[in-house]
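Novice:
Right under this line is the structure:
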């Protein structure tokens, strides 16, 4: 058969259908049945989502989009906000700083009352000018401290993920308990890893830890054995990996399979929940991770203040998507905080929402207990982080 | 005399007016904002530099975003950290970009074939890595911010509208400069070189030097656009100056057409319309469509445009005008359409 | 010493992959004059297809073979749907067209597989082998074995088959080849198919080492291109050697220079190569492919 | 001493000798013709003189200055202009623009002066326009001054190339088969033009196939065969040289 244009086109279509049939993403069983709450009515409240659905941070963006969709369904099922339905305007900034800035302006023009996103530090910082001009409340899921600090210059900017420094503090607590004083750092060479590295350097300056080796690797690396070799030659008592998938599970595999590293390895909350288990396989056993309680939502005792919030989020999310993500609760809580603030303000005026957020008091979310104030646009404490490990292919709460 | 002198001025004033008219159009279209116009103008300026390089030096550059980055980082560092005037910082960026380009050109223009493409690729990537790694200067992966607004005397360019008007004015200045250049001794040398290097050399044109000069000029365009970008976003990080932005400039220039300096703004407009248009339209046809559909649509649209308009939009438009003139029989000049189609880039 | 061996062992494994991708660049560039930006995307397609076919329940061998075929078909499609209809356009336009293909293919992969990376189990389970104190994972051995096999197969193809010789002729002089009744359109189809197939092979042997995800095409394409240029962009074997050199240089740079700059070291090597030895490391093989 | 002197020039292409110890001279005010069978090395010699090729051995002197191996543009800068056997016109440029490009070496306007439209640009444009208009009417191209050169019939395209070369006001003009593809009448026209130019003091080196033209319009003829000068002298003398006749007959017989 001679391959003409049309024959090839037909072949490609067939191949695509075949791939789509067997390659499709694992999707969990259908949506939960709608509850009996009254139907929201009136003009919808528009909330913008400016997230990284493609590009370098797409693993995060995917979780953000899932959490947001799930949340909007739940809220609209339960009567909306102020009796009005919620409409999400989700846009993909392609992990591109410029697009993130432009899309912030576009969302404002489309009349959103608040924006969730951008979801990384560089996209947020690039959009900062647009965010400040927009005057609508904006929740970022970026980890860098300067997104909300100094708060006087960030009147309408909030964030939901713990500061990198808080993750470090939580790890340090456990290290002190084990008598670990010398650590080796392996960070991904991008803004995400950089924020972790900076937090560790700060801890070292405070004299809380000694960093004996700090190596970086590219986000798309296929082998980080050389970096780990370097780190181990400095004799650390523990290795800290600051990265997201696929880098984090790759580092774990290289360490265990190739180098048989026998010191404790700590990962940060970005390492990926079930994704980490899937990608690291057997090698995941015994790895430590500092994480919000969402990862072990079904192991948290009823006595915990977050019990309710975690049950609701954990159940809905895992039922729908079949797995948990370390990033999903940031958007879930950002939207929850916005809903609470709109209800407290009794209006969708952006300024009023911002004021209400600052005076919300305690808000118990899945990520942690938020205590936002005019001085603190995050409001989380590192005590809300837990240490988890992997046993028998499952996340287990250590403490 | 008076009329002849003022006619071009009126023409450019009209062109500026066209830019102003784009604003209500963008406002009326649901998927465009004035922020898109800013990006359109900035990318148009940078791509114009690339058009000059590709159209006249006949060389592909895969690292154009690095020069965009040189401008952006120079402005960022000089205005945010040492408080230089934006114009001075912009000039400094342009000089640095030109020098870097000249050095690079000096090395690679001795080579032949696609080596410039490769060398610029390598240069762009090394620049990207340096921006990421030189923490103390550039802020590394975290980028650097706190860049003040662009000011010009009493004027402060702090909104989308003012920034767009500024960028559009700069774009027109860039066009004027390019057209001034092309209709003069050094510009004719460029055009000559672009079509036959051996014949150009035979009338005394130093081909290597001229290529180097046009490469430096292209870098200046990119650098100026980068400086404006820094003032607009007020924050720069390496992500904006890597391989993908370089490819984007390449796409803009090619789609617009490299035979005319008008190609760059045309191409930039098309790329903005394609990205934003697919973002808006695709979800209407495919319910629940997310980012991935837009990317596919964008890629396919790009392929289709190039399949049907291989000389880009400017080339296609020129051809259309010629054909129309021929058809209407109003031709005062012969129409060498065949020759136009046969001009090949080496 | 064992540290150094570890760096080399890691580098060789990565470098073999770069080299296999680079081979595709060389084949397409020499036969058609095009630098194909979608080259790394064939690797991505095959890697993801392998995961999906395995998950769909196919045994390993047919799954891997089918995945390679899928990658090769993507090459066929690139040529027939995009390159062939645009044959008369300038080389520059053709290069940009491959950029469009790369964008569309990446979007399609995102559509089909989503953003999350996928894993594929190593071909053979078991602990890594110790070589002079350095650990060499079993999958790395697979990568090396397959690379050697590919090198032999390529040698056989270009030296012993009619089509291979015709492609070589095309590479040396396209006009002369045309005079010998070699159809350039047909050669272009073969070039794209082969390049995609070789990248596909790289993709399926690579997945177990790392994981498969939709945007792995650009980084691997870039490294493959660098490998091809180091090899002089004239010989598939130069590209393989260039890949190995690049992989080892990167790993050694991690060990002795700076892990943050390792990638920069690779590209600086590329830049230096262009300035000092634009004809590539293996200039003497310029006129012959083997 | 001749204006142009070629001494013992040898050029090899991968073991094949295209030129083998060629020596000759070209004088001001004369039309010198370079003839020989196909593949004799005529264009190669032109390429060596104009700087396209660097000879393996031998010297090229222009006005007594050793210009061997100089890059093309520097040789051109001294006042050596040339045309090409297979036309090398500039894409979509008009006829007048071709002439303006030809004046490159006579002008100085820089990138900056052009972009900013400084006085030198206007002055040189004005001079350039006047000079090229004069040259255009002289070549009979005035009526098509604003046409794209590529739209002209072949014969006039050749003339544009000559015009471009003349625009640089050279002292040595190298012409590579300027009458190829021209009608007899057009060729005659070119011949008369060359005589007039020589009369004005220009040195012309003409590579030509058209024997009638060579014999009636040149002052001096150099015959190349297989890269070697086999004869030179006034046309009538060369015409009767037995070696030349043999070389040409050999070609015709083959």
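Chains as they are written, first to last, in the numbering used here: chain A, 17 to 415; chain B, 1357 to 1702; chain C, 2 to 291; chain D, 379 to 632.
Ideal Cβ positions, reconstructed from N, Cα and C, are used throughout, including at glycine.
#1: Can you give me the C-alpha to C-alpha distance between residue 268 of chain C and residue 249 of chain C, rounded to a whole angstrom?
#2: Can you list the residues of chain C that residue 205 of chain A reaches, using a CB-CB cut of under 7 Å?
#3: Note down, in chain order, every chain B residue with its Cβ under 7 Å from the Cβ of residue 559 of chain D.
#4: Secondary structure at residue 1585 of chain B, three-state DSSP: helix, strand or coil?
#5: What number of angstroms, rounded off, separates the C-alpha of residue 142 of chain A from the C-alpha of residue 537 of chain D?
#6: When you compare only the Cα positions, how much space is there between residue 182 of chain C and residue 167 of chain C?
#7: Out of B/1441, B/1375, B/1573 and B/1430, state which residue places its alpha-carbon closest to the alpha-carbon of residue 1512 of chain B.
#8: Using 8 Å as the threshold, is the segment 1539–1546 of chain B in touch with the segment 462–479 of chain D, meaning 3 or more CB pairs across them?
#9: Cβ of residue 559 of chain D within 8 Å of Cβ of residue 532 of chain D?
#10: Checking contacts by CB at 8 Å: is residue 66 of chain A closer than that to chain C?
#11: The alpha helix (DSSP H) that contains residue 67 of chain A, what's its start and end?
#12: Where DSSP assigns a beta bridge to residue 131 of chain C, which residues make up the other side?
#13: Does residue 39 of chain A come within less than 8 Å of chain C when only Cβ atoms are used?
#14: Could you tell me whether the segment 506–524 of chain D touches the segment 386–398 of chain D, using the rule of 3 or more Cβ pairs below 8 Å?
#15: List the residues that DSSP assigns as beta-bridge partners of residue 389 of chain D.
#16: I want to see whether chain B comes within less than 8 Å of residue 422 of chain D, judged by CB atoms only; does it?
#17: Compare the C-beta of residue 3 of chain A against all C-beta atoms of chain C and say whether one is closer than 8 Å.
#18: Around the Cβ of residue 351 of chain A, are there at least 16 other Cβ atoms within 10 angstroms (buried) or fewer (exposed)?
#19: Would you call residue 1364 of chain B buried or exposed, if buried means 16 or more other Cβ atoms sit within 10 Å of its Cβ?
#20: Starting from the C-beta of residue 288 of chain A, find all residues in its chain whose C-beta is less than 8 Å away, skip the five residues before and the five after it, and write them out in chain order.
#21: Measure from the C-beta of residue 28 of chain A to each C-beta in chain C and report whether the shortest distance is under 8 Å.
#22: Return the chain-ordered ranges of every beta strand (DSSP E) run that is complete within the segment 1493–1532 of chain B and spans a minimum of 3 residues.
#23: When you compare each of D/396, D/403 and D/399 to residue 583 of chain D by their alpha carbons, which one comes out closest?
#24: Taking one C-beta from the segment 59–67 of chain A and one from the segment 319–334 of chain A each time, how about it: are there three or more such pairs within less than 8 Å?
#25: According to DSSP, is residue 120 of chain A part of a helix, a strand, or is it coil?
#26: Should residue 351 of chain A be listed as close to the ligand MN, given that the test is whether its C-beta is under 7 Å from any heavy atom?
#27: If we define contact as Cβ-Cβ less than 8 Å, is residue 250 of chain C a contact residue for chain B?
#28: Check whether the segment 494–510 of chain D touches the segment 1569–1577 of chain B, taking contact to mean three or more Cβ pairs, one atom from each stretch, closer than 8 Å.
#29: I'd like the span of the beta strand (DSSP E) that includes residue 229 of chain A, first residue to last.
#30: Could you please tell me which residues of the segment 1534–1553 of chain B, in chain order, have their CB closer than 7 Å to any CB of chain D?
#31: Are the beta-carbon atoms belonging to residue 1497 of chain B and residue 206 of chain A less than 8 Å from one another?
#32: Under 8 Å between C-beta atoms, does residue 1666 of chain B make it to chain C?
#33: Compare the beta carbon distance of residue 510 of chain D and residue 477 of chain D with 8 Å and say whether it is the shorter of the two.
#34: Does any residue of chain A bring its CB to less than 8 Å from the CB of residue 63 of chain C?
#35: Only counting the same chain, and skipping five residues up and downstream in sequence, which positions put a Cβ closer than 6 Å to that of residue 419 of chain D?
#36: Whole alpha helix (DSSP H) runs in the segment 476–559 of chain D with 4 or more residues, listed along the chain?
Specialist: Taking the structure as given:
#1: 13 Å
#2: 261
#3: What residue 559 of chain D touches in chain B: nothing, since even the nearest Cβ is about 17 Å away.
#4: helix
#5: Those two C-alpha atoms are separated by around 59 Å.
#6: 10 Å
#7: B/1441
#8: yes
#9: yes
#10: no
#11: The continuous stretches of alpha helix (DSSP H) do not include residue 67 of chain A, which lies in the beta strand (DSSP E) extending over residues 61–67.
#12: Note: residue 131 of chain C sits in a beta bridge opposite C/136.
#13: Reliability fails at residue 39 of chain A, whose pLDDT of 49 lies under 50, so the model's placement of it is uncertain and the value that follows must be treated cautiously. Interface residue, yes.
#14: no
#15: D/397
#16: no
#17: Residue 3 of chain A lies beyond the stretch modelled for chain A, which goes from 17 to 415, so this question has no answer here.
#18: buried
#19: exposed
#20: 75, 260, 261, 264, 265, 295, 341 and 342
#21: yes
#22: 1506–1508 and 1511–1513
#23: D/403
#24: no
#25: helix
#26: The ligand MN is not among the ligands present in this structure, which contains no ligands whatsoever.
#27: Answer no: the Cβ-Cβ gap between residue 250 of chain C and chain B never drops below 8 Å.
#28: no
#29: 226–233
#30: 1536, 1537, 1540, 1541, 1542, 1543, 1544, 1545, 1547, 1548, 1551 and 1552
#31: Pairing residue 1497 of chain B with residue 206 of chain A gives a Cβ-Cβ distance under 8 Å.
#32: Chain C has a Cβ within less than 8 Å of the Cβ of residue 1666 of chain B.
#33: yes
#34: no
#35: 396, 397, 602 and 605
#36: Listed in chain order, the complete alpha helix (DSSP H) runs (minimum 4 residues) inside the segment 476–559 of chain D are 489–493, 497–517 and 532–545.
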